[in-house]
Amino acid sequence: MSIPSPAHPYTATAIRLDAIARLVGRTAAGARVVDSLTTPVQDEDELPLVEVFTPSASEEPIGRGHAWPRMLVRTTLRVAGHVEATNEAALGAACDTMARQIRRALLTDPAWLRMWRAVPAVEVETGRDAESAKLRGLAGVTFTCEWEDPYLPDDDAGIDPLEELRLVSGGASDQAPVIETDVPLSEDA
Numbered sequence: 001m002s003i004p005s006p007a008h009p010y011t012a013t014a015i016r017l018d019a020i021a022r023l024v025g026r027t028a029a030g031a032r033v034v035d036s037l038t039t040p041v042q043d044e045d046e047l048p049l050v051e052v053f054t055p056s057a058s059e060e061p062i063g064r065g066h067a068w069p070r071m072l073v074r075t076t077l078r079v080a081g082h083v084e085a086t087n088e089a090a091l092g093a094a095c096d097t098m099a100r101q102i103r104r105a106l107l108t109d110p111a112w113l114r115m116w117r118a119v120p121a122v123e124v125e126t127g128r129d130a131e132s133a134k135l136r137g138l139a140g141v142t143f144t145c146e147w148e149d150p151y152l153p154d155d156d157a158g159i160d161p162l163e164e165l166r167l168v169s170g171g172a173s174d175q176a177p178v179i180e181t182d183v184p185l186s187e188d189a
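The sequence shown begins at 1 in my numbering and counts up by one.
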């Protein structure tokens, strides 16, 4: 799987597909790892199974004085492990094991960790799937992932980059001369 470069905003789809590729074979679900948008889990699905969501993202500007702001993007990546058991005790153990496997699969993957500026929070929820008639459980692991988006305009945005800067100094009193200097900013200069 190709990981988007840091200069290109990560899309929710790219984040999900990347996580899916990293989770295959790393949990009790084996190859049964699905994208929540394209393959919703059904009650008749063979379990265990892992489902990957990107439910939300938020952006806030960072830095000051830039022509184009950089944005700190916080993306929520939710990985839900669906398990089945024959009794309540086995279901609890299966949920705990699945949650641990999901956390370990991503948090011990150096390439996945390098994708992010930080992973400041990991939340785990486990419990019984109340909507299923079978004895099924859910191990949900939510990763809060942060990355910087330089927020560069599209090439066709119709905005020309600054080519020259004029620096003016002095002139604070009648005696001080005013000095003006043109500084070229293009790479050609």
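For glycine and all other residues, C-beta sits at the position ideal for the given N, C-alpha and C.
Quick caveat, the model's predicted, so the values are computed rather than measured.
Identified DSSP bridge partners for residue i
i	result
SER56	THR76
PRO61	MET71
VAL124	VAL141
Nearest neighbour of residue i, chosen from the options [CA to CA]
i	options	result
GLU46	VAL24, ASP96 and HIS82	HIS82
MET115	ARG128, VAL50 and ASP149	ASP149
LEU37	VAL119, ILE20 and PRO48	ILE20
THR76	ALA85, ALA57 and LEU49	ALA57
CYS95	GLU59, ALA121, LEU49 and LEU23	LEU49
ARG197	ALA130, ALA133, GLU84 and ARG70	Since the first and last residues shown for the chain are 1 and 189, residue 197 lies out of range.
LEU135	PRO40, LEU91 and GLY30	LEU91
ALA28	THR97, THR108 and ALA130	THR97
HIS147	ALA111, LEU72 and LEU106	Residue 147 is actually Trp in this sequence, not His. Checking every option, the nearest Cα to that of TRP147 belongs to LEU72.
SER132	ALA89, VAL124, GLU60 and ALA85	ALA85
GLU60	VAL79, GLU51 and ARG74	ARG74
Residue-level contact to chain C via CB, residue i, 8 Å cutoff
i	result
SER58	Absence of chain C from the displayed structure is noted, only one protein chain being present.
DSSP state of residue i mapped onto helix, strand, coil
i	result
ARG104	helix
ALA118	strand
SER5	Only weak support is given to the placement of SER5: the predicted model assigns it a pLDDT of 42, under 50, and the value that follows is read from those uncertain coordinates. SER5: coil per DSSP, three-state reduction.
GLU51	strand
GLY81	strand
ALA133	coil
THR27	coil
ASP45	coil
THR97	helix
PRO40	coil
ALA189	Confidence is the limiting factor: at ALA189 the pLDDT is only 48, short of 50, which leaves the residue's position unreliable and the question unanswerable from this model.
Residue range of the alpha helix (DSSP H) that includes residue i
i	result
THR13	12-23
Run of the beta strand (DSSP E) containing residue i, from where it starts to where it stops
i	result
THR142	136-149
ASP35	33-35
Distance CB(residue i)-CB(residue j) smaller than 8 Å
i	j	result
ARG128	GLY140	no
ASP35	LEU23	no
ALA99	THR126	yes
LEU113	VAL122	no
THR39	ALA12	no
Near the ligand NAP: residue i beta-carbon under 7 Å from a heavy atom
i	result
THR86	As far as ligands go, the structure on display features none, and thus does not contain the ligand NAP.
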